[in-house]
Structure formats: C-alpha cells, structure tokens
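Sequential numbering of the sequence shown, starting at 1, is according to the UniProt record's numbering.
What follows is one structure encoded as structure tokens, with my remarks underneath.
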Amino acid sequence: MRRGPCIVVAMLAVASLLMEAGLPARHPVLIWNASDSVPIGLYLVQPVQRWVTSEIVVVLPQGVLAGWLADAGYLPNGVPMLKRILALPGQSVCRREHVILIDGVEAGVAQESDRHGRPLPDWQGCRTIGDDELFLMNRQSDSSLDGRYFGLTATSEVIGRAIPVWTRDPS
C-alpha cells in the first residue's frame with residue numbers, strides 16, 4: 001500500500017475509535033496527525049477545561065465544511081484535524097483581502113489557491129467571536145487549511161485538546 005492511502009486508513013481508524021470511545025467518557029485517546037500543519041506525530045486527546053490561545057485542539061468538521069474538505073480530497077468525512085486556537089470569544093477577527101487580523105494586528109496571510117492551483121474559500125470582513133466560537137489558525141504553516149479560509153469554528157466541533165506525545169518536531 002502506498003504512503004498516502006496508509007495515512008488515510010490510519011486516520012479513519014483513529015477517527016472511528018474517537019467516535020466509538022465517546023471521548024468525554026473514555027480517556028486516554030491517542031490520535032496520529034499526518035498533516036504538517038502542526039508537527040506530525042502522536043497526540044493524546046484530553047477534554048478541554050478552558051480555551052487557551054496557541055493550544056492545539058482536535059476538530060471534527062461538520063456540515064458544509066466537512067463536505068467541501070471531502071469533495072476536494074483534503075480530508076475524508078469523519079476524520080478529525082488538528083488546529084491551534086488563535087483567538088477566543090470576544091476578540092475581533094478580520095480578513096481584508098488576504099490579510100488576517102486579530103484585534104487589529106496582522107496574524108497571517110491567506111493564499112488564493114492550494115498547491116494544485118485550486119481556489120480556496122475566501123471570506124471577507126470582520127467578526128467578533130461569539131461565546132460558542134473560536135478562531136483556529138496554524139500560523140506556523142502557510143499551507144494549513146484553517147480559519148484563514150473557513151472563518152470561525154463552533155466550539156461544538158472541538159473534540160478535545162491535543163497534547164503531543166511524540167512528534168517529528170525537533171523542539
């Protein structure tokens with residue numbers, strides 16, 4: 001089996017374990033991250049006690065976003081992704097052209113298209129993050145599919161926080 005299909009199969013297996021485990025009731029749960037938008041490796045999934053910026057969370061996309069990710073071949077339905085919390089309820093998030101601003105401070109830049117030349121979602125404007133929302137963005141990765149393209153994420157889509165157990169990251 002080639003590396004790509006192996007990764008997808010492994011992620012699907014972990015996703016099904018997460019769903020069956022009913023995360024809040026059973027711990028610990030481990031997840032393998034195969035995307036380089038956060039360090040590749042093994043993560044322990046724990047319940048979120050409180051939202052903290054820069055913390056990595058495990059997100060299970062829902063609805064239109066989940067469908068778009070699956071249809072475009074980025075992420076199969078039912079497979080979680082790891083993203084960093086960049087902004088919390090009460091903060092302001094804007095996308096002006098390609099620039100992402102958090103409380104008026106530049107936080108990153110969005111790309112027009114992916115590495116295959118396909119256009120990426122382009123939301124524009126400003127939002128104050130609601131009590132049941134977060135802004136997720138992996139600012140250390142220019143190619144991460146995150147809030148730069150999706151906007152705000154409902155807290156109900158967050159499965160838990162991801163604690164690195166072993167990663168390829170040298171730090």
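Note that the Cβ used here is the ideal one computed from N, Cα and C, for glycine as well.
Since Arg-95 and Gly-130 should fall inside the 8 Å C-beta cutoff, what is the C-beta to C-beta distance between them, to a whole number of angstroms? Against the sequence shown, residue 95 aligns to sequence position 95. Against the sequence shown, residue 130 aligns to sequence position 130. With a Cβ gap of about 17 Å, Arg-95 and Gly-130 do not count as contacting.
Tell me whether the beta-carbon of Ala-162 lies closer than 8 Å to the beta-carbon of Arg-139. For the purposes of this step, residue 162 is identified with residue 162 of the sequence shown, where counting begins at 1. For the purposes of this step, residue 139 is identified with residue 139 of the sequence shown, where counting begins at 1. No. Outside cutoff.
Which residue comes first and which comes last in the beta strand (DSSP E) that contains Gly-108? Position 108 of the sequence shown, counting from 1, holds the residue named residue 108. It spans 105–109 - the beta strand (DSSP E) in which Gly-108 sits, taken as one unbroken run.
Can you check the stretch 66–131 for any beta strand (DSSP E) of at least 3 residues that lies completely inside it and give the ranges in chain order? 81–87, 92–96, 99–102, 105–109 and 125–128
Would Arg-148 pass as a contact of Ala-110 if the rule is Cβ separation under 8 Å? Within the sequence shown, numbered from 1, the residue matching residue 148 stands at position 148. Within the sequence shown, numbered from 1, the residue matching residue 110 stands at position 110. Going by C-beta atoms, Arg-148 is nearer than 8 Å to Ala-110.
Assign Ile-160 to buried or exposed, taking buried as 16 or more other Cβ atoms, counted over all protein chains shown, within 10 Å of its Cβ. Walking along the sequence shown from the start, residue 160 turns up at place 160. Per the sequence shown, residue 160 should be read as Gly rather than Ile. Per the 10 Å Cβ criterion, buried.
Roughly how many angstroms lie between the CA atoms of Gly-22 and Glu-112, to the nearest whole one? Here the question's residue 22 lines up with position 22 in the sequence shown. Here the question's residue 112 lines up with position 112 in the sequence shown. Any reading at Gly-22 must be qualified, since the residue scores a pLDDT of 48, below 50, and its modelled position is unreliable; no value is offered.
Would you mind sorting Thr-153 into buried or exposed? The rule is 16 or more other CB atoms within 10 Å of its CB. The sequence position of residue 153 within the sequence shown is 153, counting from 1. By the neighbour-count rule (16 or more Cβ atoms within 10 Å), Thr-153 is buried.
Can you check which of these residues, Leu-69, Tyr-74, Met-137 and Gly-90, is closest to Gly-99 by C-alpha distance? The residue labelled residue 99 in the question sits at position 99 within the sequence shown. According to the sequence displayed, residue 99 carries Val and not Gly. Of all alpha-carbon atoms in Leu-69, Tyr-74, Met-137 and Gly-90, the one lying nearest the alpha-carbon of Val-99 is that of Met-137.
Separation of Trp-166 from Leu-30, as counted between CA atoms: Within the sequence shown, numbered from 1, the residue matching residue 30 stands at position 30. Within the sequence shown, numbered from 1, the residue matching residue 166 stands at position 166. Answer to the nearest angstrom: the Cα atoms are 11 Å apart.
Identify, in the order they occur along the chain, each residue of the same chain with its Cβ nearer than 6 Å to the Cβ of Glu-55, setting aside the five sequence neighbours on each side. Within the sequence shown, residue 55 is the residue found at index 55, counting from 1. Answer for Glu-55: Ile-85 and Arg-161, listed in chain order.
Going by C-alpha distance, which of Gly-90, Val-57 and Pro-39 is nearest Pro-47? Taking the sequence shown and counting its residues from 1, the one referred to as residue 47 is at position 47. Taking only the C-alpha atoms, the option nearest Pro-47 is Val-57.
Use the C-beta contact count for Ser-156: other C-beta atoms within 10 angstroms, 16 or more gives buried, fewer gives exposed. Here residue 156 is taken as the residue at index 156 of the sequence shown, counted from 1. Exposed, by the Cβ-count rule.
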